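**Q**
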Amino acid sequence: MELWKGRFAKELSPITNNFNQSIGIDKRMYKVDIEGSIAHTKMLEKQKIITKEDQKQIEKGLKEILKEIEEGKTVINSNSEDIHTFIEETLTNKIGDAGKKMHTARSRNDQVALDIRMYLKEETQDLILDLKKLIKSLIDKAKNNLYTIMPGYTHMQRAQPITFAHYLMAYVEMFLRDITRLENTYQEINVMPLGSCALAGTTYDLDREYVKEELGFDDITYNSLDGVSDRDFVIDLESNLSIVMMHLSRFSEEMVLWCSWEFKFIELDDSYSTGSSIMPQKKNPDITELIRGKTGRVYGNLIQGLTMMKSLPLAYNKDMQEDKKAIFDSIDTVKACIITLIPMIDTMTILKDNMELAAKKGFINATDCADYLSKKGMPFRDAYKLTGEIVKYAIDNDKVLDTISIEKYKEFSKLFEDDLYDEISLKTCIEKRNVIGGPAPEAVKKEIDIALKKI
Ligand code: ARG
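Note that the numbering used here gives residue 946 to position 398 of the sequence shown, counting from 1, and the numbers run on in steps of one.
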């Protein structure tokens, strides 16, 4: 049944009713809708707008409905337009006339704005916790791989030596920034809009601060037009989640590469990989590919939010009902990706020998050779050029820098001495990169301590 019955001679056509309703999507906000209504009616009673008796009945009825929904005794059906309508109708059926007073000095416009904010506050906190778990799992792996040498890449070409711990901690930094962004967005969400009513506030003497305190918000909105039509915080969250997915997708891409026979740096546990229906040898990293693929949908949801809002005149417009499908999908997707990824990381095997072999082959100590010469007095640009010539000699003669004889080195420059070999050994290359933020085990341990303090 429509709430606006009096003004209309006819019922909404079934097709239009179906098209107009949002209950299939917004039913998940039942709990916050009920909590919001309880706070609202407590305030109405405090301000002597409804009687104590009515308030008691409303609160009792709403609490019963909440319990019944959670126990599965009340099913949120699709006869109502949206969750707000459903709860109000169910309440009125239950307690009679008092239920009809609940919506005094309120509109679904400020009600839905309140509900989304309450719902997203909880979800944002959950997302932060999930990211912390992911960070924890990356740090645990990093702790066990402080000395696992691997090549670091630029342009996907072997560049300089790093460790697997240093690599993993790069992702920890990204997810820590994601948490900061979510914390900032939480502050944006944490503002109470109820009292804006349909668009122009109300003639009733409301105590908005009371509702704010009752529902645990930090602040209230200060313009009723904006209060009902602001969805910046939804877009903010979609933007944050897009960045989270971008990070997850970059990590996933590398997992896909590193599982391949071309790299074989890691092996996924059987329970987190899939096979092929035709090729018996296959073990596919489907999870990470799906994460990469789902990134597109989360970006799409951000574009949906921005586009939906871009030409909307003030104040509420029904277009805005489309906000929830998108943001709920982004939240569900990010959560699913994180909880699937964590056990995959926890159980994967690091093939340290393969990583080290790749590190030994790529001339990734060439910079260290040039640094050796420049520390002995040769200008760096000359040292760089000379090392390039040595690398060329090594490639032509099927050698690496560590297997060229000292006699040969001395032909290139008199500055070379026996200590060279130690200087360009991968172990030294790693240990000496002890600058803050570098791959040396000591530096990474410090990074881990800082990250652990942050979470
Ligand atoms: N289901 C609506 C939404 O999600 C609730 C607000 C409806 N308000 C209105 N004036 N039709 O946006």
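C-beta atoms are modelled at their ideal positions from N, C-alpha and C, and glycine is treated no differently.
None of these values were measured; they are calculated from a predicted model.
Tell me which residues share the same chain as residue 847 and place their Cβ nearer than 6 Å to its Cβ, disregarding the 5 neighbours each side in the sequence.
**A** 790.
**Q** Measure the CB-CB distance between residue 743 and residue 663 and report whether it falls below 8 Å.
**A** Not closer than 8 Å, so no.
**Q** Using the C-alpha atoms, what's the distance from residue 918 back to residue 964?
**A** So the two alpha carbons sit approximately 11 Å from each other.
**Q** For the beta strand (DSSP E) containing residue 706, list its first residue and its last residue.
**A** Unbroken beta strand (DSSP E) run through residue 706: 705-711.
**Q** Under the DSSP definition of a beta bridge, which residues are partnered with residue 815?
**A** Partner(s): 897.
**Q** Give a single yes or no on whether residue 570 has its beta carbon closer than 7 Å to a heavy atom of ligand 1.
**A** Yes, ligand 1 has a heavy atom inside 7 Å of this Cβ.
**Q** For residue 754, which residues from the same chain have a beta carbon less than 7 Å from its beta carbon, with the 5 sequence-adjacent residues on both sides left out?
**A** Contacts found: 591, 595, 653, 743.
**Q** Do residue 578 and ligand 1 come close, with the Cβ less than 7 Å from some heavy atom?
**A** No, ligand 1 has no heavy atom inside 7 Å of this Cβ.
**Q** So does residue 864 have its beta carbon nearer than 7 Å to some heavy atom of ligand 1?
**A** Yes - ligand 1 has a heavy atom lying nearer than 7 Å to the Cβ of residue 864.
**Q** For residue 699, which three-state DSSP category applies?
**A** Correct three-state label for residue 699: strand.
**Q** Okay, do the segment 830-844 and the segment 794-811 touch, 3+ Cβ pairs below 8 Å being the bar?
**A** Output reads yes: the segment 794-811 touches the segment 830-844.
**Q** Assign residue 671 to one of two classes, buried (16 or more other C-beta atoms within 10 Å of its C-beta) or exposed (fewer than that).
**A** When all chains shown are included, residue 671 counts as buried.
**Q** Among the residues of its own chain, which have a CB less than 6 Å from the CB of residue 615, if the five just before and after it don't count?
**A** Around residue 615: no qualifying Cβ.
**Q** Just list the residues that DSSP pairs residue 767 with in beta bridges.
**A** The partner list for residue 767 (beta bridge, DSSP) reads 739.
**Q** From 840, 992, 907, 901, pick the residue whose C-alpha is nearest to that of residue 881; which is it?
**A** Here the closest residue by C-alpha is 840.
**Q** Which residue or residues does DSSP assign as beta-bridge partners of residue 832?
**A** The partner list for residue 832 (beta bridge, DSSP) reads 822.
**Q** So, with DSSP's three-state summary, where would you put residue 846?
**A** Residue state, collapsed to three classes: helix.
**Q** Looking at residue 574 and ligand 1, is the gap between the Cβ and the nearest heavy atom below 7 Å?
**A** Yes.
**Q** With H, G and I counted as helix, E and B as strand and the rest as coil, what does DSSP make of residue 968?
**A** Residue state, collapsed to three classes: helix.
**Q** Thinking just about the alpha-carbon of each residue, which of 585, 824, 666 is nearest to the one in residue 737?
**A** Of 585, 824, 666, the residue nearest in Cα terms is 666.
**Q** Extract the residue ranges of the alpha helix (DSSP H) inside the segment 601-669, only unbroken runs of 4 or more that lie entirely within it.
**A** Runs found: 631-643.
**Q** Just verifying my parser: in three-state terms, what is the DSSP assignment at residue 865?
**A** Coil at residue 865, not helix or strand.
**Q** Can residue 872 be considered in contact with ligand 1, in the sense that its beta carbon sits closer than 7 Å to one or more heavy atoms?
**A** Result yes, Cβ under 7 Å from ligand 1.
**Q** At a threshold of 7 Å, does residue 630 count as lining ligand 1 (C-beta to nearest heavy atom)?
**A** The answer is yes for residue 630.
**Q** Is the beta carbon of residue 699 less than 8 Å from the beta carbon of residue 907?
**A** Closer than 8 Å, so yes.
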